[in-house]
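Novice: So my numbering is basically just the index in the sequence shown, starting at one, shifted up by 483.
For glycine and all other residues, C-beta sits at the position ideal for the given N, C-alpha and C.
This one's a predicted model, so the numbers in the text were calculated from it and none came from an experiment.
Pasting a structure below so you can have a look.
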Amino acid sequence: MRPLHRCVVATGLLAGRPGSLGSYFSARARWADNISLLHMKLRRSRFGISRVIVATLCVSSCRLITGGSEAEPGLIIFYRDTASISAPDTVAANSRFEVRFPTYAGGCTRHIVRTEVTIRDHLVEIRPYNRNSGGDVCTSDLLILEHRAETYFSVAGTSIIRVVGEQRGGSSGSRNSAAQLERRIVVR
């Protein structure tokens with residue numbers, strides 16, 4: 484069950500019957516009918532107004548309870564600043580090593596969620612994700628979040644570490660668009 488759905492069902496429980504008031508909030512297509520049914524229920528209910536107040540508070544606080552946040556690809560290019568990939572120049576085949584790189588954050592984006600690693604013969608693809616709180620009001624600052632990933636290459640030769648994220652600025656203006664950075668290393 485998704486977090487928002489849990490909140491809607493919980494508000495229905497406050498109305499006296501499981502799912503009753505919650506169904507009013509989730510059925511967008513029948514909104515007008517639901518309002519009139521809700522009004523009739525409130526007139527019949529002894530504690531109707533207090534239940535609506537409690538249900539309204541629960542629905543409005545659902546975002547606080549469930550986090551209201553989402554993972555978004557990390558910004559690896561931010562206007563004139565480009566992240567650099569830190570990794571050894573030469574590694575032994577089948578030996579683990581660490582890759583580090585910064586992502587640009589700030590405002591509503593303040594924490595690392597995860598770093599996904601995909602390993603193929605001569606390519607390691609790394610995708611950083613940061614958490615956006617989805618808040619209505621966010622600070623106007625710039626943070627650097629350092630992602631770390633442990634990886635390896637199983638085949639000797641020249642190999643590529645590719646970081647796939649997003650960029651803001653330049654050709655994308657103030658909107659985010661796809662971006663990738665690469666670093667070549669020698670595998671012995």
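1. By DSSP's criteria, R666 is part of a beta bridge. Which residues make up the other side?
2. Assign H488 to buried or exposed, taking buried as 16 or more other Cβ atoms, counted over all protein chains shown, within 10 Å of its Cβ.
3. Cutting at 8 Å between CB atoms, please list the residues of its own chain near S654, excluding the five before and the five after it.
4. Given that a residue counts as buried once 16 or more other Cβ atoms are within 10 Å of its Cβ, and exposed if not, what is L628?
5. According to DSSP, what are the bridge partners of F561?
6. With distance defined between alpha-carbon atoms, name the residue in T622, V596, P556, R631 nearest to A570.
7. I568 and T586: beta carbons closer than 8 Å?
8. Cutting at 7 Å between CB atoms, please list the residues of its own chain near I668, excluding the five before and the five after it.
9. So which of E599, T592, A554 has the shortest CA-CA distance to D619?
10. Beta carbon of V574: closer than 7 Å to some heavy atom of the ligand ZN?
11. Would you list, in sequence order, the uninterrupted alpha helix (DSSP H) runs of no fewer than 4 residues that lie entirely inside the segment 566-615?
12. Within a Cβ cutoff of 7 Å, which residues of the same chain sit near A515, ignoring the five residues on either side of it in sequence?
13. Once the 5 residues before and after Y612 are set aside, which same chain residues still bring their CB inside 8 Å of it?
14. May I ask you to list the residues that DSSP assigns as paired with A661?
15. For I602, count the other beta carbons within 10 Å of its own beta carbon; 16 or more makes it buried, fewer makes it exposed. Which is it?
16. Quick check on this structure: which residue in G652, R658, Y635, R666 has the alpha carbon closest to the alpha carbon of R604?
17. Given a threshold of 16 other Cβ atoms within 10 Å of its Cβ, counted over all protein chains shown, does N577 qualify as buried or as exposed?
18. Can you tell me which of the three DSSP states T634 falls into?
19. What would DSSP say about L625, mapped onto helix, strand or coil?
Specialist: On the basis of the coordinates in this document:
1. Within the DSSP secondary-structure output, R666 pairs in a beta bridge with I644.
2. Interpretation of H488 is limited by its pLDDT of 38, a score under 50 that renders its predicted location unreliable; the figure taken from the coordinates is listed afterwards. Result: exposed.
3. Around S654: S660.
4. It counts as buried.
5. Under DSSP, F561 forms a beta bridge with D564, R651.
6. That would be R631, whose Cα lies nearest to the Cα of A570.
7. Contact: no.
8. The residues are A570, P571, D572, T573, V574, S642, I644.
9. Residue nearest to D619 within the set E599, T592, A554 is T592 (criterion: CA-CA distance).
10. This structure simply doesn't include the ligand ZN, nor any ligand for that matter.
11. Those alpha helix (DSSP H) runs which fall completely within the segment 566-615 and span 4+ residues do not exist here.
12. The predicted position of A515 is uncertain, since its pLDDT is 49 and thus under 50; a value taken from the coordinates is nonetheless stated next. Nothing meets the Cβ criterion.
13. If we look at Y612 and ignore the five residues flanking it on each side, its Cβ neighbours are A554, E555, P556, G557, I595, V596, R597, T598, E599.
14. E649.
15. By the neighbour-count rule (16 or more Cβ atoms within 10 Å), I602 is not buried but exposed.
16. Looking at the sequence shown, residue 604 is not Arg but Asp. When only C-alpha atoms are compared, the closest one is Y635.
17. Label assigned to N577: exposed.
18. Of the three classes helix, strand and coil, the one that applies to T634 here is strand, per DSSP.
19. Here L625 carries a coil assignment [DSSP, helix/strand/coil].
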